[in-house]
Structures are given as structure tokens and as C-alpha cells.
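Read the structure below first, then the notes.
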Amino acid sequence: MSTPPAPSLSSTSTALWWRARELFDAAVALPAAERAALLDARCGDDAALRRAVDALLAASDALPDTQNDPFARSFGEAIVRLMPEVKPGQRFGAFAVVEEIGRGGMGVVYLAERDDGTVSQRVALKLVAHGHLDAEASARLARERRLLAALEHPNIARLIDAGEDASGIPYFAMEYVRGEPLVAYCDRRALPLAARLALFREVCAAVQYAHANLIVHCDLKSANILMTEGGLPKLLDFGIATTLDADAATGESRFLSPQSAAPEQFLGQSGGVATDVYALGVLLCELAGGRLPFEAAPGDLTALRRQVLEDPPLLPGDAIDDDAAKRRGGLSAAALRRRVRGDIDAIAARALQKSPQQRYASVEQLDADVARHLALQPVDARRGERGYRAARFLLRNALAALFTSAILALIVGFAAVTLRQNERLAHERDVAQQRERQAQFERARAQQVTDFMIGLFKSSMPEQARGRDVTARELLQRGREQLRGALGEQPPLKAALLAAIAEAALALDDMDGAEAAAHEASDLREAAPPASDAERAASLIQLATIETRRTRYDEAMKLADRAQALAPDGDARIALLGVRATALNGLARPKESLPLWREALALQSAAAGPDDVRTLRLASRIAGNLRVLGDVDEAERVMLDNLPRERQRFAPDDPIVGETLNGLALIARNKRDYARAETYAAEALDLYRKIYGERATQTANAMNTLATIVQAQGEYDRALSLFEGVLAVRRAVFGDDSAQAAAAHYNVGLLLLLRLKKPEAARAHFARAVDVSVKLLPPGHVNLANYRLVLGSALRDAGRYAEARAALELALPAFEAIAAPRGIDIALTRGELACVALALGRPGARERLDAAIAVTDRVARELPQAQRLNECKGR
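Using UniProt numbering, you'd call the opening residue of the sequence shown number 1 and step up by one each time.
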């Protein structure tokens, strides 16, 4: 049976094609002999509709009859059947097809590889159904290619190339993303609602970015949002997007996913911002409740169309059952319904309004409402509900009060323990009298602490907070200020409270607040008459700890020396050994720190036993030190001995288990046992994700370890996905102007430059690392010099020789000032400069290159950076 020529779908209105799709679904379920009568009755004199349905039915009949379900012969399969067959090895531009990986909507997606002899690269090659194109459609696709090529966002799959083959089949070569659909990813990991909403917000940010660049997606759904191994959502398939300034009356053809299609799309109207808002509402229902807002029988497009146009949606709070609850963090169904009903249902309901004008006006507004919900602030979708804003206010302040109580309990407990440890009865003969006096003193002190606590609580009350939520940091700051003029006759109590405030601030990473309170406590204890040696030593140890957190290791050692002179014992002695060992590690003196860790471990084990929490933590520190010192066998032995005890002693998701797993992964990587390394690293990453979530420093560090292991195995695309995930986390946590983000830019750029051979993409990352580091680091800092070296290398590969030389000439003096420890970097920089000179035809360049290669071949021949110089010489 020959297939009739495909009609020009783009020249046909969208409304006609929705009718064709409905009629196809009805006809394909009938025996072939009964179809003509149905089509005669339903098409009437509409020849265009009849031709379209006939073409689809003919294509469907040509499909293999592998299932009994007639609806398996879907509209999308029939559309794709109209395309010419594509075989492995067939070329489209610079890419050769490997295998089919997906199909639907407007074409087929293949895995393809670059086959032009330049670099190794895999892409997702999307072929648009040839029968869909006329002159108007070709012009539109050409315009969309240009727009899509301009999209540069970490959550959007990049367009690498686009064109048409010799027969006119248009193709898009997109970044190949390995991953699983967003909803499946969340369900498999049983991510709680808050984590799902955080990922939803990342998707919103990407869509909003595209809208700002005049592109709408018009087919947003979970299958088009893949989660990479690095925990980064990537939006696929912008190939059917239309420009925002297109004529809304054109009714351009769209072959979309009915389950997420908006009412206006069923009515044959063109999509816009509101269409993507609607699709995000559908996605929110899936993420929060586990079901779609509209669900018809498979293949029953007529019923689905009626539901979308007429019926209210099934909101997440009404969709949740026991199974959905288990996949969302283990809450009971009733508890999760209470969590979702209200804000989330209201947000979804507004996004799913039938009229585009009644939805959120932008994705930015939708995202802002989700953010307000997560912050326990009133959402706009519930504006006007009586009592709602007051309830939100009370909930926020209840949580703040609970957290405040925890901090104050820490303060009071710390003060009480400190004072009890240092108070002694003066004379045995006056025991009874002294006890009475002590009781009076304790009562007075308890009243003073109570007054202090009440003062702090009052500062968070609405009339004093002036409508703002008072943070934990602010409470600690106010507590320190209140103590300045209080307890003048009670220096020991005042010092103990200040030390407790410092400890709480340190736990909140409030370094400035911790340092200020700790210094005040220390000054009080040093003043005449001085406090006991134990109290003075405790303050010095606390200050030294703060200095190590600030990476001021020399200052930490000076404070530790002063504390040592006071001969602390017990827990203070163990703490002092730990802070000295930490400072020595920071000063790159791990050989000196190891005996201190071991002494601390012996004291702690003797005091509390080998399975005590603090004992096991110290054992973990020793194993880490051994690995740094190169004694990997002993480090591995200690870690393997610790791991089962840690799993038994701690909760299964305790961070110390992750530290040990991460250490074992690094050891196995260094031994080139990559399979075992990957197993450990993946388990550590999963553990940190459960503890801290996707966007946390600890998660990023574990992800970075896994990335290095994957890279060592030559899986460069997968490694790039992980490194990009690390970069996204560090930008979110520390900001894009941070040293942590600069280091992540460096790692991404290095992979792009040395392994994926993409110098221009690498250059952008290196330039960002340099820009940030110029603001943060002194001119001669080694990190800044490293970033300039690789920036110069990328610029050389890109043929931008003058810029390359400028960057390299800034890097070289910094390396030379450090001399011997950076000998390899000096040689690499001189070699890169010689390569630039060689490219420009400068005299003496080859001799200088030979001199540099003589050093790099002797010291680090296997380094990819050194191999670059040999490649330069061979050109």
C-alpha cells in the first residue's frame, strides 16, 4: 500500500490538525473496512481534513503490528512515519547517526557523533518531519535556529548546530543530555516536597530566561526536563518554540503533548508566555501530588479536550494517596495533604486557569509565589482570604521562637556547665553555710539569666521587630549588645554567656558575630582579677577555632600556644589538640598534625570508649591525614575499619559516613580502581543529597569527587554534567563572585579545553574565574596565576594570540616568585608563550618551546597540559 503524499502541515491551521488528530484516534481503532464511512460522515466536504487523516492512517497502517492496543499506533508515530528512513551512519552536516533515542511531536531524535575529524562529540540530533515544511515553515525554523543558538543557560540544553540535509530535512544538533525525566528522578529518590519545589524553581528560572530572549517553549513536560547526574535540570526541545513577537493570529501548527497542552492550544490558538505558565502548573501538579490535573483514557483525545476546556483540574492536595506520600519523603498521606492544600493548590489553580489572562502574568510571578510559600510568607494566589496572612505570620514566628529557644537553651546550658566546672567550695568547715550562700547565688543568677532570655524574646515580638522576621543571627547580636551594660557585677556569668553566644554564632557560620562575642568573653576572663586558667584556656581555644574557620592559620597557632601555656586538661586538652592539628593541616604541615590527631584520639577513646561519636570522628580525621600524606594503604585500612562501626553507631545518613565514603573514593581513584571509586563516590553523593539537599556545599564537594572519577574514565560528557552541577551549587550558595565559584568555573573550563577541545567555551569560564579572583586575591596569588595560565591557553587555541600573550605574561611572574614549588607551572607558561610566538612567526620561538618541553617531559609528561606543548611543537 503506497503512502499518499503528506500534506503541508504548516500551511494548515492548528484547529484543523487538532480535528485531524481526534478523527485519527477514532478511525485507527476501527477495522479498515469501516473507516471510510466514518470519514465520509465526519469530514463531509472538508477535503483538507480528509487528506490529512488519510495520510496519517496510511502511515499508521505501515507500522509493525506489535501490540493489540489500537491506540499504540499513536498520532505521533504516524506523523513520524511520514519521514524518510534514517539509517546508522547517515550524515547530517558534521554528524553521523548512531541510533534512535526518541520520537514524538514533530520528528525523531537520534544519538549522533561528530564525524568531521575535529573533536569527539556526541549530540542529540533532532530531525523535523519533512512533510511539515513549506516555505513559510522553513523561514520560521531558520529564525528559531538563530534565537535558540543565542540561549546560554545552565538549565537549557545548548544548540550546537542546525541546518538541512541535501533532501531538505531540517535538523537540530543539541547538547546530548544523559539523565532521567524530572518527575521520575524525584520519585526514585523519594525527594520531599521542599526539594521538589526547589528544582521546580530552577526550571522556572530557565523558562523565564528563554522568555526574556523572546522564546517560548510550548511543550513543557517532565519528559522534556532531564535531571543530569550532577543534579541539574536541563530543558530540552526548544526546537518548536516560536518568537514572542510573532503574530498571534497566525495559528502556527503545533504537535504537542495533549496531557500538558493549554486550553488555547486545543482551540487552535498560538502559544505564548501564558501557555508555558499553564504547562508549569501541570508540572507542579505532578511534582507535588503525583498525578496530572486532567486524565482521560489512553488515546481518547476528545474526552481530554473536553476536560481541559470545561472541567476543573485535579489539584495536588486532592491527588495525594499513600503511594504518592511515600515517594515524597515518607510523610503520611494525610500530613502531605495538609502540607499541599492551601498554598500549593492555590498556586497550581492560578497557573491552570482556562483563560490565559487569569493566570500568572509571567513565569517570574509563578516562581515568586513558590518562593514565598517556601519562606512561609503569604502567596499572591491566596490574596484576599480572611485570616490567611495572620496565620502565615504566626507560623513564621512560631518557628522562629522554637529556633530561638534552642539557641537560648544552648547559651544557658553552656553557661551553667562552665560555671559548675570552675566553682569550688572555699572551706570544708563552712560547707553548710557555703551551700546556703551558693543557693542564694544560683537563684539570683537564674533570675538574671531568665531576665536575659525574656529580653531576647521581647526583641523578636512584632511591636519591637517592626513587622520583620528576626533571624537567629540578629537575636545573637542583640544578646551580645544587651550584655554590654548588664551583669556588671557578674563577670564570670557574663563571660560564659558571651562564649555561648560565640559558639552559637559559629554554628550559624556567622564568623564576625562569633569573633566579636568570643573576644569579649576572653577580655573579661583576662581582666583583673583574672578567671581560672581553665576558663582563660577555653576562650583562647574558641578564638583559635574561629581563626581556623577563617583560614588564618598562623593566628590560630599563636592562640593555641597561649592556651597550651595554661595546661588545659580533659575535654579542653582534646579540643586544643584538634585545633592545633587543623591549623597545621591548613599550613600544609600534615606530618606535624598527625601525632596531635593521634594523641587526641587516644585521650578521647580512653575517656569515652572506641565507639563514642567523638572518638570515631577523630579516627576519621586521622584517616584523612594519612591519605594526604600519601600513606593510602594505611588510610584505607583505617577507613574500612571505621565504616561499619560508623554505620552502626551513627544514623545511616550521618555526615561522617559520607566523609569516610568520600575518602575511600579518592583513595580508590588514586589507585586507578575506578569502578570501586565510583561506587563509593556515588553512595557519598546520594547520602549528602538526602542530608543537605541538592544545593549544599557538602553535596557539591561529593559531586566534584565523582566528577573527577568519571573524568578519569574518559566519560567526558558525563563529567561535564557533574562539574556544571558543582558550579550551579557554588554559585547558588556562595554567589558567582566567590572564590568557590571561580574554582568551579576553572574545573568546567579545564575539561572543555583539554578533553572536549572547546576553547571558546572554556575561555568564557576561565575569564570569569580571573575576573572574580582579581577582586578577591592579591596580584601574585597562585590561584590567580593558574587561572591566567589556562585562560591564555584557551585564547591561544582560539587564535586570539595578543590576548593569550597578555594573560600568560601576567601569570609568569607570579609563578617565578614562588620558584621551586611551581617549577612545572613556570615551564608550562613559558611553553604556552613560545607556542604563541611560534604561531606569530617570532624568531627563537621553537628554541624556547624546546626548553620548556625538556622540563615538562621530565617532570610531568602525562599531564594533558604538557602534551599540549608537544602537539604545538608538531604543528
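Just so it is clear, CB atoms sit at the ideal spot from N, CA and C, and this is done for glycine as well.
- prompt: Quick one: Cα of Glu862 to Cα of Ser362, how far?
  reply: Working through the sequence shown from its first residue, we reach residue 862 at position 862. Working through the sequence shown from its first residue, we reach residue 362 at position 362. Those two C-alpha atoms are separated by around 52 Å.
task: Find out if the Cβ-Cβ distance for the pair Asn662, Ala677 is shorter than 8 Å.
output: To locate residue 662, count along the sequence shown from 1; it is residue 662. To locate residue 677, count along the sequence shown from 1; it is residue 677. In this structure, Ala677 does not lie closer than 8 Å to Asn662 by Cβ.
- prompt: From which residue to which residue does the beta strand (DSSP E) around Pro759 run?
  reply: Counted from its first residue, the sequence shown places residue 759 at position 759. Going by DSSP, Pro759 is part of no beta strand (DSSP E) but of the alpha helix (DSSP H) stretching over Pro759 to Leu776.
- request: Compare the beta carbon distance of Ala739 and Leu776 with 8 Å and say whether it is the shorter of the two.
  value: Counted from its first residue, the sequence shown places residue 739 at position 739. Counted from its first residue, the sequence shown places residue 776 at position 776. Less than 8 Å separates the beta-carbon of Ala739 from that of Leu776.
- request: Give me the Cβ distance between Pro258 and Leu301, rounded to the nearest whole Å; I'm assuming they're in contact under 8 Å.
  value: Counting from one through the sequence shown, the residue named residue 258 turns up at place 258. Counting from one through the sequence shown, the residue named residue 301 turns up at place 301. Pro258 to Leu301, Cβ: 6 Å. Contact.
message: Measuring only the C-alpha atoms, how far is Ala866 from Lys873?
response: By one-based count along the sequence shown, residue 866 stands at place 866. By one-based count along the sequence shown, residue 873 stands at place 873. Ala866 and Lys873 have their C-alpha atoms roughly 11 Å apart.
- prompt: Based on the DSSP output, what are the partners of Asp161 in its beta bridges?
  reply: Numbered from its first residue, the sequence shown carries residue 161 at position 161. According to DSSP, which records beta bridges pairwise, Asp161 is partnered with Ala173.
query: So Ile225 is in the beta strand (DSSP E); what residue range does that whole segment cover?
result: Start at 1 with the first residue of the sequence shown, and residue 225 comes out as number 225. That run of the beta strand (DSSP E) goes Ile225 to Met227.
Strand pairing of Val123, partner residues [DSSP]: Here residue 123 refers to the residue found at position 123 when the sequence shown is read from its first residue. Bridge partners of Val123 according to DSSP: Ala112 and Glu175.
- prompt: Alpha carbon to alpha carbon, what distance is there between His373 and Tyr692?
  reply: Position 692 of the sequence shown, counted from the start, is the residue given in the question as residue 692. Position 373 of the sequence shown, counted from the start, is the residue given in the question as residue 373. Roughly 20 Å between the two C-alpha positions.
task: Round the Cβ separation of Leu232 and Gly725 to the nearest angstrom and send it over; I've been treating them as touching at under 8 Å.
output: Translated into positions along the sequence shown, residue 232 becomes position 232. Translated into positions along the sequence shown, residue 725 becomes position 725. Rounded to whole angstroms, the Cβ separation of Leu232 and Gly725 is 5 Å, and the two are in contact under 8 Å.
- prompt: For Ile215, which of helix, strand or coil comes out of DSSP?
  reply: If you number the sequence shown from 1, residue 215 lands on position 215. When DSSP states are grouped into helix, strand and coil, Ile215 belongs to the strand group.
- prompt: In chain order, which continuous runs of the beta strand (DSSP E) of length 3 or greater are located wholly inside the segment 539-607?
  reply: Taking 3 residues as the shortest admissible run, the segment 539-607 contains no complete beta strand (DSSP E) segment at all.
query: DSSP puts Ile156 in a beta bridge; with which residues?
result: Translated into the one-based positions of the sequence shown, residue 156 becomes position 156. Leu235, per the DSSP bridge assignment.
- prompt: Is the segment 579-592 in contact with the segment 619-637, if contact means three or more CB pairs nearer than 8 Å?
  reply: The segment 579-592 vs the segment 619-637: in contact.
- prompt: Can you give the beta carbon distance from Ala319 to Arg341, rounded, assuming they're within the 8 Å contact cut?
  reply: Taking the sequence shown and counting its residues from 1, one reaches residue 319 at position 319. Taking the sequence shown and counting its residues from 1, one reaches residue 341 at position 341. Not a contact, Cβ separation roughly 11 Å.
- prompt: CA-CA distance, Ser605 and Gln711?
  reply: Numbered from 1 along the sequence shown, position 605 holds the residue referred to as residue 605. Numbered from 1 along the sequence shown, position 711 holds the residue referred to as residue 711. In this structure, the alpha-carbon of Ser605 lies about 40 Å from that of Gln711.
query: Using a C-beta cutoff of 8 Å, does Lys671 count as contacting chain C?
result: Of the chains in the structure shown, none is chain C; there is only one protein chain.
- prompt: To which residues of the same chain is Leu39 closer than 8 Å at the C-beta, ignoring the five residues directly before and after it?
  reply: Within the sequence shown, residue 39 is the residue found at index 39, counting from 1. Exclusion of the five residues before and after Leu39 leaves Leu23, Ala27, Arg50, Val53 and Asp54 as the residues of its chain whose Cβ lies within less than 8 Å of its Cβ.
query: What three-state label does DSSP hand Val282 in the structure shown?
result: Counted from its first residue, the sequence shown places residue 282 at position 282. Correct three-state label for Val282: helix.
message: Taking a contact to mean a Cβ-Cβ separation below 8 Å, would you say Ala205 touches Arg695 in this structure?
response: Sequence index remark: in the sequence shown, residue 205 carries index 205 (1-based). Sequence index remark: in the sequence shown, residue 695 carries index 695 (1-based). Result no, Cβ atoms of Ala205 and Arg695 do not sit closer than 8 Å.
task: Go to Val379, then tell me how far its alpha helix (DSSP H) extends in each direction, as first and last residue.
output: In the sequence shown, the residue the question calls residue 379 occupies position 379. Val379 -> no alpha helix (DSSP H), and no H or E assigned at all.
message: So, with DSSP's three-state summary, where would you put Val86?
response: Indexing the sequence shown from 1 puts residue 86 at position 86. Secondary structure of Val86 (DSSP, three-state): coil.
- prompt: Would the segment 520-536 and the segment 491-509 be scored as touching if the rule is three or more Cβ pairs under 8 Å?
  reply: In this structure the segment 520-536 lies against the segment 491-509, because at least three pairs of beta carbons, one per stretch, are closer than 8 Å.
field: Exposure label - Thr551; buried when at least 16 CB within 10 Å
entry: The residue labelled residue 551 in the question sits at position 551 within the sequence shown. So Thr551 ends up on the exposed side.
- prompt: Can Val207 and Asp276 be called in contact, C-beta distance under 8 Å?
  reply: By 1-based counting over the sequence shown, the position of residue 207 is 207. By 1-based counting over the sequence shown, the position of residue 276 is 276. With a cutoff of 8 Å on beta-carbon distance, Val207 and Asp276 are scored as near each other.
- prompt: Considering Arg627, what are the terminal residues of the alpha helix (DSSP H) in which it resides?
  reply: Within the sequence shown, residue 627 is the residue found at index 627, counting from 1. Val613 to Val628 is the span of the alpha helix (DSSP H), which, as asked, contains Arg627.
task: State yes or no: is the C-beta of Val855 within less than 8 Å of the C-beta of Arg796?
output: The count along the sequence shown starts at 1 and reaches residue 855 at position 855. The count along the sequence shown starts at 1 and reaches residue 796 at position 796. Cβ distance not < 8 Å, so Val855 and Arg796 don't count as in contact.
query: Nearest to Ala324 by alpha carbon, out of Arg598, Glu816 and Cys285?
result: Here residue 324 refers to the residue found at position 324 of the sequence shown. Measuring from the Cα of Ala324, the nearest candidate turns out to be Cys285.
message: Give me the DSSP bridge partner(s) of Phe92.
response: The sequence position of residue 92 within the sequence shown is 92, counting from 1. Checking the DSSP bridge columns, you'll see Phe92 partnered with Phe95.
message: Here's the rule I'm using: 16 or more other beta-carbon atoms within 10 Å means buried, otherwise exposed. How should Ile215 be labelled?
response: By 1-based counting over the sequence shown, the position of residue 215 is 215. Taking all protein chains shown into account, Ile215 has 16 or more neighbouring C-beta atoms within 10 Å of its C-beta and is therefore buried.
query: Considering only C-alpha positions, which residue in the set Leu828, Glu599 and Arg614 is nearest to residue 891?
result: Residue 891 is absent from the structure shown; the chain starts at 1 and stops at 875.
task: Give the single residue among Asp161, Ala675 and Ala288 whose Cα lies nearest to the Cα of Arg122.
output: On the sequence shown, position 122 is the one that residue 122 refers to. For the options Asp161, Ala675 and Ala288, the alpha carbon positioned closest to that of Arg122 is the one of Asp161.
- prompt: Hey, out of Ser620, Asp611 and Thr548, whose CA is closest to Trp597's CA?
  reply: Translated into positions along the sequence shown, residue 597 becomes position 597. Between Trp597 and the set Ser620, Asp611 and Thr548, the nearest pair of CA atoms involves Ser620.
- request: Report buried or exposed for Gly624, applying the criterion of at least 16 other Cβ atoms within 10 angstroms of its Cβ.
  value: Translated into the one-based positions of the sequence shown, residue 624 becomes position 624. Buried: at least 16 other Cβ atoms inside 10 Å.
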